[in-house]
Every structure is written in C-alpha cells, then in structure tokens.
Amino acid sequence: MEYFEPRSVSEALSVLAKHGAEAKIIAGGTDVMVDIKFKEEPGGLVNIKKIPGLSGISENGAGLRIGPLTTIRDIETNTLVRDKLPVLWEASHQFASLQVRNTATIGGNICRASPSGETLAPLLVLEAKAKLAFGDGEKSVPFTSFFQGPGKSSAGNTGLLIEIDVPYPPPGSKSVYLKHAVRGAMDIAMVGVAVLMTPESGKNSIEDVRIGLGAVAPTPVRAPKAEALLRGKPLSASLLREAAALAASESSPITDQRSSAEYRRWIVEALTRKGLEQTWKAATGKEIA
Amino acid sequence: MSITITTKINGHSVTATADASTSLLEFLRDTLEMKGSKLCCNTGECGACTVIYNGKPINSCVTMAADANGAEITTIEGLADGDKLHPVQQAFIDTGAVQCGYCTPGFIMSVKALFDRTKKPTAQDIEEAISGNICRCTGYNKIVDAIQLAAQKL
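For the record, the sequence lines run as chains Z and V. Using the numbering used here, the letters of the first sequence correspond one by one to residues 531 to 819. Using the numbering used here, the letters of the second sequence correspond one by one to residues 298 to 451.
Here it is in structure tokens:
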C-alpha cells in the first residue's frame, strides 16, 4: 500500500489525479481504519491532516466557515456553533463516543457520504454548501445535490473538500435534531430527523420549514413534499399528522441489522411529528391548533 | 509502504518503523511491545484501546500509527510513578472496580483524561467521559464509585 502525506491542497490534488482511483483519502481515520482491517486494504492512503488551513471554525459574513479537518469535538465545544447553529451542535453532541469525536472530522463524516452520517441531515436543513477543489479549479456545491449514493459524492475520487459554508438560519427560526438509536449516542442512527422552522412575522403560520432525513434513503434527503404542504399554514393537529405521513412516504429505507424498512418509516413519521411540534412551539410560543 | 515514526510516549522519545496501514494500537502493542492498551473490538466502539493523544482520549485502534509522528501520547504504562500507582488506578483497586480487567486500562485512561479536564467532575461529566468505554462484566456502578473516590483524592 502506498502512502502520501501532501503538505498543500495542490499537492493533494496532484496525488489524487494520479492515484485517486485506487487510493483513499484519510483524515481522522475512524471509518477508513476499520475498512482497512475488516474490508479491503486500499491501494494507497492520502493522509490530508498535514495540509495547513483546513481546520477551524470562523465567522464568514452571515454564517460560519468550517474547515473539513475540524473534529466533531471541536464543533461540539465551539460557542459560535452552539449559539448560531444549534441543530449542528445537537448532532455533534450525539455523535459516537468522546474518543471518536476527538478524532473524527466533519469532512470525513461528509465525504464518507453514508446515509446515516450524523451531521448530514442538519447540514441539509441549514442549506450549507461544500467548497470542493479540483485540478481545474474550485466549485461550490450545495449539500442538497452533493450526495449521490452511499459513499458517492460530487467530490468523486479526484476532488478535495476544502471548506464547509454554513449560513445562519433565518432570524426567528427554531431547529431540532432527533436521533433514534438503541444505545443513544454510541450507536449509529436508525433514523435521524432534522427540522428547521421559520414562522411568519405574526407567528401565526409557517413561513418556511425544512425537513432533513438521515439513514432512510441511499443518501441523506430533504422531504420536499411535506415541506411544501406545511408552508404558509398554521400548524394544526391534522396538518401535523398529514405532513409527518408525507415525510415518511418520501423516505425509502432499507431493512438491515439495525431495523426493518417498515419500522424506519414509522420512526420517520414519529420523529417528523415530534420535530415539527417542538420547533413550532419554540418558534411561535403557541400550542398546536 | 514502511514509514518512520518519531513520537513521544509517556515522556520518552521513540523512533520506529511501521507499515502505513498500521494502527496506533498495533504500533504500541506489536512494534513497541507495550501490551497495556488492549485490543478488543478493533472498530472504535468499545474503548479498551483508549490512550491520551495530545491531551485528548482517543481510540488507538482507529488512529493511524503515522499520526503519532510528532505527537505526545500517554498510555496506561505511563501513569504509575515507579511502584506508586496513579490515584485513579488505586481508586479502581480500592473500590473493586475491576472484574475481568480487560476494559480497565481503557477506562482508566478515559478517567485520567477527565481529571485532566476538570478536578470536580459532575455526574454528567463522568457519564460522558466513560460513555465510549464498555465493560462486558457490567461493573459500571463500581467504576463510577472509583471515579468519585479518585476525585476526592486528587
């Protein structure tokens, strides 16, 4: 197995141009090291941790710029994230164990493109973007189109994620991330649901709502039909039921060792209902009509 | 491909070579013959391999040995001062927080890291600190007792 330790983005890109097809990028290693031991050893490893400038969290206009090498623990303990992007904080806080959070990076969680990646549903509802570097230039890709299948993303095998741009959610909005797993944080989510709700100024109806679903489709997905149904309306008990059922129908879960597809659909419905209810109450101060 | 790794383990500088695919745990146990850190799940879930890496507890089984280059690492072998055990080690003995003992080095490293962060951990701090360590004998109550005892002595 070949091993590369590029010292700059351009050096990494030339290594990937040559070896991207058989080599794997490694950062924290919490997923790739397991693959090496239990699946197949890749033809090479490109350790990107020595590239300067790819780690850290800073304010960038009306949002945060997060370096892909930032660890989940650094996100969890960052006060800007906690204040401005609580939905991302919640997902980071519920992410595996302290040991894993200390090494795993947000870029790794993203580029792994696992449907159950803990930070992904939150990034979808935050309408965050990935900045990717390729041999012929940089590209900004919204996460709503970044994920292409399990393990597949717009970065392909020659691109490098160099920045995550997360705009602040609209003023007055409230968000929540709900995870369903047997053993709490240590476990991989059976279902993860992120909801971000913005009420109209009178707080009588929903101006905008975004619903992100994790672990229930080949990629993390939004639930556009349920979102469209809710927009412009006050949240009544019947609308809540209808929207949650619609979100469940927009998921396409599989059956695996963690749970059956049918069970996952029920959980999507239950968590969507809970998420909408919580964010509505928090954003408007009103009960469900 | 073989790489050369220079690192500081328990305060001592060490240089050795290892294959690029080697984990830090394999490097410690097989290359350096330091068998205190335990191999168990080998997937980053059970915490038996926990070491302190640049001040933070990590699972050495899912960390590249290559990342030890230039880092400072503390393992269970580095806690005692000669024959005098570290207060956390002594507290595990005094409260009977050891059953089969296999998870113990990992737990102790997580608890050592906890006390490096705070000398007065809350119940929530304790729960978070050891949430990544699994005791198959399920001796958790005694382990929490040990942490509370160590907190009084530190």
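Glycine residues also receive a C-beta, built at the ideal position from the N, C-alpha and C atoms. Because the structure is a prediction, the values reported are computed rather than measured.
Z/PRO700, buried or exposed, once every other Cβ within 10 Å from all chains shown has been counted against 16: The residue is exposed, with fewer than 16 neighbouring Cβ atoms inside 10 Å.
Which of helix, strand or coil DSSP assigns to Z/GLN678: DSSP places Z/GLN678 in strand when its eight states are reduced to three.
Cα-Cα separation, V/ARG326 to V/CYS400: If I take the Cα positions, the gap works out to 16 Å.
Any C-beta of chain Z under 7 Å from that of V/ALA317: Chain Z, which has a Cβ nearer than 7 Å to the Cβ of V/ALA317, makes this yes.
Contact with chain V by Z/GLU807, beta-carbon distance below 7 Å: So, not an interface residue.
Proximal residues of chain Z, C-beta to C-beta of V/GLU425 below 7 Å: Using a Cβ-Cβ cut-off of 7 Å, V/GLU425 is close to LEU628 of chain Z, given in chain order.
Residue from Z/ILE602, Z/PRO764, Z/ARG713 and Z/LYS659 with nearest C-alpha to Z/LEU727: It should be noted that the sequence gives Met, not Leu, for residue 727 of chain Z. Out of Z/ILE602, Z/PRO764, Z/ARG713 and Z/LYS659, Z/PRO764 has the C-alpha closest to the C-alpha of Z/MET727.
Exposed unless 16 or more other CB atoms sit within 10 angstroms - verdict on Z/GLY686: Exposed: under 16 other Cβ atoms inside 10 Å.
Within chain Z, partners of V/GLY375 - CB distance below 7 Å: Around V/GLY375, no beta-carbon contact reaches into chain Z at under 7 Å, the shortest distance being about 18 Å.
Closest Cα partner of V/ASN356 within the set V/GLN445, V/ALA410, V/ALA420 and V/THR415: By alpha-carbon distance to V/ASN356, the top candidate from V/GLN445, V/ALA410, V/ALA420 and V/THR415 is V/ALA410.
At least three beta-carbon pairs within less than 8 Å, the segment 370–386 of chain V to the segment 298–306 of chain V: Touching, yes, given that three or more Cβ pairs across the two stretches are closer than 8 Å.
Cross-chain neighbours of V/THR347 in chain Z, by beta carbon under 9 Å: Against chain Z, a Cβ distance below 9 Å from V/THR347 picks out GLN629.
For V/PHE389: DSSP bridge partner residues: BP columns for V/PHE389 are empty, so no partner.
Alpha-carbon spacing of Z/ASN577 relative to V/ALA426, whole angstroms: About 28 Å.
Cβ shell of Z/SER789 (< 7 Å), same chain only, five flanking positions each side left out: A distance below 7 Å between beta-carbons, with the five flanking residues on each side excluded, links Z/SER789 to the following residues of its chain, in chain order: MET720.
Interface flag, Z/LYS567 vs chain V, CB-CB below 7 Å: So yes, Z/LYS567 belongs to the interface.
Residue-level contact to chain V via CB, Z/ASN632, 7 Å cutoff: Z/ASN632 has a beta carbon lying within less than 7 Å of a beta carbon in chain V.
Residues sharing a beta bridge with Z/PRO729, DSSP: As computed with DSSP, Z/PRO729 is found in a beta bridge with Z/ILE736.
7 Å Cβ cutoff met for Z/THR802 and Z/VAL723: A contact, by the Cβ cut-off of 7 Å.
Short CB-CB distance (under 7 Å) between V/VAL460 and chain Z: Coverage of chain V is limited to positions 298 through 451, which leaves residue 460 of chain V absent and any answer about it impossible.
Inter-residue spacing [alpha-carbon to alpha-carbon] between Z/LEU673 and Z/SER622: Residue identity check: residue 673 of chain Z is Phe in the sequence provided, not Leu. When rounded, the separation of the alpha-carbon atoms in Z/PHE673 and Z/SER622 is 17 Å.
Stretch pair the segment 425–440 of chain V + the segment 340–347 of chain V: three plus CB contacts closer than 8 Å: In short, these stretches touch, since the Cβ pair count reaches three.
Length-filtered (4 minimum) alpha helix (DSSP H) runs lying within the segment 750–802 of chain Z: Within the segment 750–802 of chain Z, the complete alpha helix (DSSP H) runs of at least 4 residues are 754–760 and 767–780.
For Z/PRO680 and Z/SER644, believed in contact at Cβ under 8 Å, the rounded distance: Their Cβ separation, rounded to whole angstroms, is 6 Å, which keeps Z/SER644 and Z/PRO680 in contact under 8 Å.
Straight-line Cα distance separating Z/LEU769 from Z/ALA833: Any answer about residue 833 of chain Z is impossible in this case: the structure gives chain Z only from 531 up to 819.
Against chain Z: residues of the segment 338–366 of chain V by CB proximity under 8 Å: From the segment 338–366 of chain V, only ASN339, THR340, GLY341, GLU342, GLY344, THR347, TYR350, LYS353, PRO354, ILE355, ASN356, CYS358, VAL359, THR360, MET361, ALA363 and ASP364 have a Cβ closer than 8 Å to chain Z.
Inter-stretch contact (C-beta, 8 Å, three-pair minimum) for the segment 375–389 of chain V and the segment 439–450 of chain V: Contact holds: three or more Cβ-Cβ distances are below 8 Å.
Z/THR814 at chain V interface by Cβ criterion, 7 Å: Using a CB distance cut-off of 7 Å, Z/THR814 does not count as an interface residue toward chain V.
Where the beta strand (DSSP E) through V/GLY403 begins and ends: V/GLY403 -> not in any beta strand (DSSP E); alpha helix (DSSP H) instead, spanning 401–414.
Residue range of the unbroken alpha helix (DSSP H) whose run includes V/ALA313: For V/ALA313, there is no enclosing alpha helix (DSSP H); the enclosing beta strand (DSSP E) covers residues 309–316.
Own chain partners of V/ILE444 with C-beta closer than 6 Å, once the 5 adjacent residues on each side are dropped: A distance below 6 Å between beta-carbons, with the five flanking residues on each side excluded, links V/ILE444 to the following residues of its chain, in chain order: VAL408 and ILE423.
Nearest-angstrom Cα separation, counted from Z/ARG761 out to Z/LYS614: Rounded to the nearest angstrom, the gap between the Cα atoms of Z/LYS614 and Z/ARG761 is 23 Å.
Beta-carbon proximity check, V/ALA362 vs V/LEU321, cutoff 7 Å: V/LEU321 is positioned such that its CB atom lies closer than 7 Å to that of V/ALA362.
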